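Data first, discussion second: the structure below is written as structure tokens.
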Amino acid sequence: MQTIFDTIKKVAIKIDHTIKTEDLGYSDSSNTSGEEQLKLDVKCDFLIEEAFKDISIVKALVSEEKEGVMELHEGGKYTICYDPLDGSSLADVNLSVGTIFGIYEGELKGENLVASAYVVYGPRIELMIATKESKPMHYRAQEGLFDFIDEVSLDEKGKLNAPGGTQQHWCDYHKTFVDDLFAEGYRLRYSGGMVPDLHQILLKGGGIFSYPGTSDKPDGKLRQLFEVIPFAFMYEQAGGQAINDKGMRLMELVPAHPHDTSPCFFGSNYEINALKEAYGVQN
Ligand code: AHM
Ligand code: MG
29 MQTIFDTIKK
39 VAIKIDHTIK
49 TEDLGYSDSS
59 NTSGEEQLKL
69 DVKCDFLIEE
79 AFKDISIVKA
89 LVSEEKEGVM
99 ELHEGGKYTI
109 CYDPLDGSSL
119 ADVNLSVGTI
129 FGIYEGELKG
139 ENLVASAYVV
149 YGPRIELMIA
159 TKESKPMHYR
169 AQEGLFDFID
179 EVSLDEKGKL
189 NAPGGTQQHW
199 CDYHKTFVDD
209 LFAEGYRLRY
219 SGGMVPDLHQ
229 ILLKGGGIFS
239 YPGTSDKPDG
249 KLRQLFEVIP
259 FAFMYEQAGG
269 QAINDKGMRL
279 MELVPAHPHD
289 TSPCFFGSNY
299 EINALKEAYG
309 VQN
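Here's what the structure looks like:
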């Protein structure tokens, strides 16, 4: 597993360089979710594939930017599911973006995730790694190498509210829930990049990030294998909770297809318990 984390560290530095130096325009292709791919999406996907292709413990790769599963080594133990450049449409306005990795052993489902990691490309490059044995471990790059900063824990209750999805398409009880948090004094923090938005909530002690099912997207937007399950694991390891709109732990998701999405809510305990009440699901 350490080899995988070391590879993530090396490729993160390359991706950061790519973001800072390469063309921000569109490629002439689109991904499985029907979204137009930027040249940066394609390049970052390629860099990750190159970085992992000779590592024998990696059985397969599954990328948000590719259709199927890319088999690598038959005797490998882990499948790495990744979003090469999450929030890539924010790069041209110079906001933070990220890379997300979910490391699975066996069938691709929540309970088989054994570790997750994400990288934030902002004013600095930061990395968070979570394993079953640890709280999320926070690193920051300094001259191309990652220094360990600290373990991260969520407080019982935070102050930040990051409500995703188009408000016009929210259901009434979701709107009431979001409004009630603001009436309680919560502050809006939503950049449109789930990596920096969830990173901010983790590091500032707590709050809630939501991307609900909406009338136009009943299953939400965020993809289970590359986005939802890796962050659910991070939040649970930090002492928080991560659930869907039925109150089910996101770690119990079993995607039928690699690109399946799910409504998702990540937060500290107070806010997630309030959400369960607002949605009328088990607490
Ligand atoms: P992407 O993987 O195509 O970049 O999309 C995922 C991003 C998330 O980072 C973010 O939370 C969400 O899309 C924002 O969506 P919206 O613009 O609907 O708020
Ligand atoms: Mg993404």
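Residue 29 is where the sequence shown starts when you use our numbering, and the numbers rise one by one after that. Backbone N, C-alpha and C fix where the C-beta goes; we use that ideal spot for every residue, glycine too. Because the structure is a prediction, the values reported are computed rather than measured.
query	result
Any non-hydrogen atom of ligand 1 closer than 8 Å to Arg251 Cβ	yes
From Gly53, Ile131, Lys249, residue whose alpha carbon lies closest to that of Val120	Looking at the sequence shown, residue 120 is not Val but Asp. The shortest Cα separation from Asp120 among Gly53, Ile131, Lys249 belongs to Gly53.
Distance cut-off 8 Å: Ser91 Cβ against heavy atoms of ligand 1	no
Stretch-stretch touch, CB-based, cutoff 8 Å, three pairs: the stretch 280-290 with the stretch 123-139	yes
Distance cut-off 8 Å: Leu113 Cβ against heavy atoms of ligand 1	yes
Secondary structure, beta strand (DSSP E): runs of 3+ residues fully inside the stretch 164-204	165-170, 173-179, 188-191
Three CB pairs or more closer than 8 Å across the stretch 190-199 and the stretch 84-100	no
Simplified DSSP state of Ile85, which is helix, strand or coil	coil
Contained beta strand (DSSP E) runs [length at least 3] in the stretch 47-84, N- to C-terminal order	54-58, 64-66
N- and C-terminal bounds of the beta strand (DSSP E) containing Met98	97-99
Inter-residue Cα distance where the pair is Tyr167 and Gly220	23 Å
Reference Arg251; option with closest CA among Ile236, Thr159, Leu230, Ser290	Ser290
Minimum Cβ-Cβ distance from Val39 to chain B less than 9 Å	In the displayed structure, chain B is absent; only one protein chain is listed.
Gly103 beta carbon near ligand 1 (any heavy atom closer than 8 Å)	no
Cβ neighbour criterion (16 or more within 10 Å) applied to Gln30	exposed
Unbroken beta strand (DSSP E) run spanning Gln269, endpoints	269-271
DSSP-derived helix/strand/coil call for Met276	coil
Beta bridge counterpart(s) of Gly295 as assigned by DSSP	Ile236, Gln269
Heavy atom of ligand 1 within 8 Å of Met156 beta-carbon	no
Burial state of Lys87, where buried means 16 or more other Cβ atoms lie within 10 Å	buried
Closer than 8 Å: Phe259 CB and nearest ligand 2 heavy atom	no
Closest residue to Gly295 among Glu64, Val256, Asp288 (Cα-Cα distance)	Val256
Nonlocal neighbours in the same chain, by C-beta distance under 6 Å from Leu141, ignoring five residues either side	Gly130, Tyr132, Ile257, Phe261
Burial state of Gln310 (16 or more Cβ within 10 Å)	exposed
DSSP three-state assignment for Pro357, whether helix, strand or coil	Residue 357 is absent from the model: the chain starts at 29 and stops at 311.
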